[in-house]
Amino acid sequence: MSWPPPAADHHQQQQHLLLQQQQESSAAAAAAAAAAAVGSGSHMQQAAAAMHLQTSMWEVAAAQQQQQQQQQQQLLLLHSSSIWPTAASGAYIDPMMQTTCYHPLLQQQQQQQHLCFGGLERGLHGSQENGIEQHNAAADAAAAAATAAAAAASAAATLAPRLSSSSSTGGQQQQQEHEEEEAQQPKHQQQQQEQQQQQQQQQQQQQQQQQQQRLPRSQKKQQTREEYRRKKRQQRPEERRQRRKIKKEKIFQGLYSYEEKSAAMKAYKEQVEADKKAFLAHMDECMKEGIRVCFNCSFDETMKDKEIRSLAKQLFLSYHCLKKNMDVKIQMHLSSFVEGSPCRVACENLFSGASWRVLRHEEPYWECFAAEEIIVLSPDATEVTLLYTPPELPIHPT
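Residue 1 is where the sequence shown starts when you use full-length UniProt numbering, and the numbers rise one by one after that.
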């Protein structure tokens, strides 16, 4: 241990030389890694990794240098405030006050300061040695990484065919996974659509409830009737099933064995087929030789919805009577029965009017028939008709 402490310039020169040695060794390691990467034919990524290692080592060396400078500054501050001994007299001179002190306690203080300075100096030398060892270890690690990169490049060159085959199998697996995802996407989309539809229905119901609260009484009644009809239409299939069930119970009443039930059902089907043939023959005769009766439907444009439904029901009941009464043959005509008219739409929607076996005319009745053949039936007429001859055509004003 030297006294007085070494100058700051001397320590700075030593640190500069140490940093230069570290940088040279790290540069040599990085250059070796880059040369090994280029010589092995590896990619540019390995060279970039070597350069990144070099810069990181430089940063570590700079941090170590800054730490050593801070320690040196602390050491210099300590010595600048200490008391320096003279050469022979044994007195102590305070450099700040420029006075000589002879107090015995100053010797004790000097010894303590000498001990502190020695500890700091030993710590400084130890940190420098540790920095050199860490730098050497980093350089060895860089060289080992360079050799490992070269070996990996050569191994990759030999395993290229195997990698291509494995990549093809991996591509097939990815394609299968992609197809499975595409197959699952429609299910998710369908679920989302169903959820959206449910939300829309709930919103519509809420809007309808709000509108019903604000609508006048007449419109509320109309909506209530429409809702009732809708529910009745939904109940019709169940009602048909119940009627069929009751009909079967009547057919199988008092029968227990399978043979008896099958014979009864066969007889019932034969009877239904015979009735159907008789009905078709009756309708053919009505269309050919029946009494001509024409229903005038030209007033539907001036009617309200309730009156139009009543008119459609009257036409349906007339046609139903025509079908059931086999003794009377009537040829039914509908005049001013235009496609899309309110009366025709009501007949088709409410009573299956499209399947009726009647004669439909879009023209008014006075254009369809001769004037001398027409007899207009009206509850306000003054004359009473008691005799009917076949050429005449009764017109029922609806």
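Glycine is no exception: its CB is placed at the ideal position from the N, C-alpha and C atoms.
Residue closest to residue i, alpha-carbon to alpha-carbon, out of the options
i: Gln208; options: Gln198, Gln197, Lys220; result: Lys220
i: Phe295; options: Leu315, Phe279, Gln185; result: Leu315
i: Leu311; options: Arg344, Leu215, Glu239; result: Arg344
i: Ala264; options: Gln176, Glu249, Cys297; result: Glu249
i: Cys321; options: Ala346, Arg309, Thr302, Phe279; result: Phe279
i: Met303; options: Gln210, Pro342, His282; result: Pro342
i: Asp300; options: Gln68, Pro216, Arg292, Val338; result: Val338
Assigned secondary structure, residue i (DSSP; H/G/I helix, E/B strand, else coil)
i: Arg236; result: helix
i: Leu280; result: helix
i: Val384; result: coil
i: Arg360; result: strand
i: Gly39; result: Here Gly39 scores only 48 on pLDDT, less than 50, and its place in the model should not be relied on; the value that follows carries that caveat. In the structure shown, Gly39 sits in a helix (DSSP, three-state: H, G or I).
Neighbourhood of residue i by C-beta distance below 6 Å, restricted to the same chain and skipping five residues each side
i: Trp366; result: none
i: Lys232; result: none
i: His282; result: Met326
Chain-order list of residues whose beta-carbon lies under 8 Å from that of residue i (same chain, five-residue window excluded)
i: Glu372; result: none
i: Leu309; result: For clarity, residue 309 is Arg in the given sequence; the question names Leu instead. Answer for Arg309: Ala346, Leu350, listed in chain order.
i: Met287; result: Gln331, Arg357, Leu359
i: Gln201; result: none
Nearest-angstrom Cβ-Cβ length linking residue i and residue j, presumed shorter than 8 Å
i: Glu362; j: Ala354; result: Actually they are not in contact, since the Cβ atoms of Glu362 and Ala354 sit about 15 Å apart, beyond 8 Å.
i: Gly290; j: Ile330; result: 5 Å
i: Pro364; j: Ser336; result: 5 Å
i: Val358; j: Met332; result: 4 Å
i: Leu334; j: Cys297; result: 6 Å
i: Leu255; j: Lys247; result: Incorrect: roughly 14 Å between the Cβ atoms, too far for contact.
Proximal residues to residue i (C-beta, below 7 Å), its chain only, five neighbours per side dropped
i: Thr385; result: Ile375
i: Ala381; result: none
i: Val272; result: none
heavy atom of the ligand FMN below 8 Å from residue i C-beta
i: Gly340; result: Looking at this structure, you won't find the ligand FMN or any other ligand, since it has none at all.
Which parts of the stretch 289-355 are runs of the beta strand (DSSP E), unbroken and 3 residues or longer, counting only runs that do not cross its ends?
-> 291-296, 330-335
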